[in-house]
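Presented below is the structure to which this report refers.
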Amino acid sequence: MTESNLQSLKPLPKVERLIAFTSNDLNDLCDATDAAIVGGGGFGWTHIPSRDILERFWQGVVAMPSRILLVARLDGVICGTCQLIKPTVNNEAQAHAVQLTTNFVAPWARGHGLARQLLREAENVARKEGFSVINLDVRETMIAAIELYETSGFQRFGELR
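In the numbering used here, each residue's number is its place in the sequence shown (first place is 1) plus 4.
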């Protein structure tokens, strides 16, 4: 097999902003969320919620103007995500800062650089939207995420106990 043949067999990773779902997208995202929860990275969920709850959650994210949803795809299948949550309009003191949340890559899709691509795209989108600060909320058990953030230049400034 030639080098170009091997290259064509590699999964194609991609990160993009999602503003509307296809039926496959919503299903893929719910499946990836399930896998992330089972893998310990469920951004608050410790048990897999029912499919209708997950679907309503993700449909609500897309419908909310204060949220920007970025998705990671591997060969076209959504396998990870992160969101930027904009501050409320009456929060003038923090109008410069967004919150990065629901950041995960399903265990089956790890190792392709998608977590770093999601983070870079979140930084680019935040900058384009006029924000100068990204706040993170990460559980101390999420060692790989903390390492990614710290090696990307983010600084830990506090811990909640």
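By construction, the Cβ of each residue, glycine as well, lies at the ideal position given by its N, Cα and C atoms.
Just measuring C-alpha positions, the residue of R131, F61 and P17 sitting nearest L30 is F61.
Counting along the chain, the unbroken beta strand (DSSP E) around N139 starts and ends at V137 to L140.
Residue environment analysis places I147 among the exposed positions, since fewer than 16 neighbouring C-beta atoms fall within 10 angstroms of its C-beta. Following the DSSP letters along the chain, one finds F161 in no beta strand (DSSP E), marked with neither H nor E.
Burial check for R131: the Cβ neighbour count within 10 Å stays below 16, so the residue is exposed. Secondary structure note for E127: its alpha helix (DSSP H) is the uninterrupted segment L118 to K132. Every unbroken stretch of the beta strand (DSSP E) spanning 3 or more residues and falling wholly within the region 37 to 112 is given here in chain order: 71 to 78, 81 to 89 and 101 to 109. Taking a 10 Å sphere around the C-beta of L88, we find 16 or more other C-beta atoms and assign the residue as buried. In this structure, the beta-carbon distance from A119 to V109 falls below 8 Å. Among the bridge pairs identified by DSSP, K18 is matched with R77. In the structure shown, A24 falls within a coil segment according to DSSP collapsed to helix, strand and coil.
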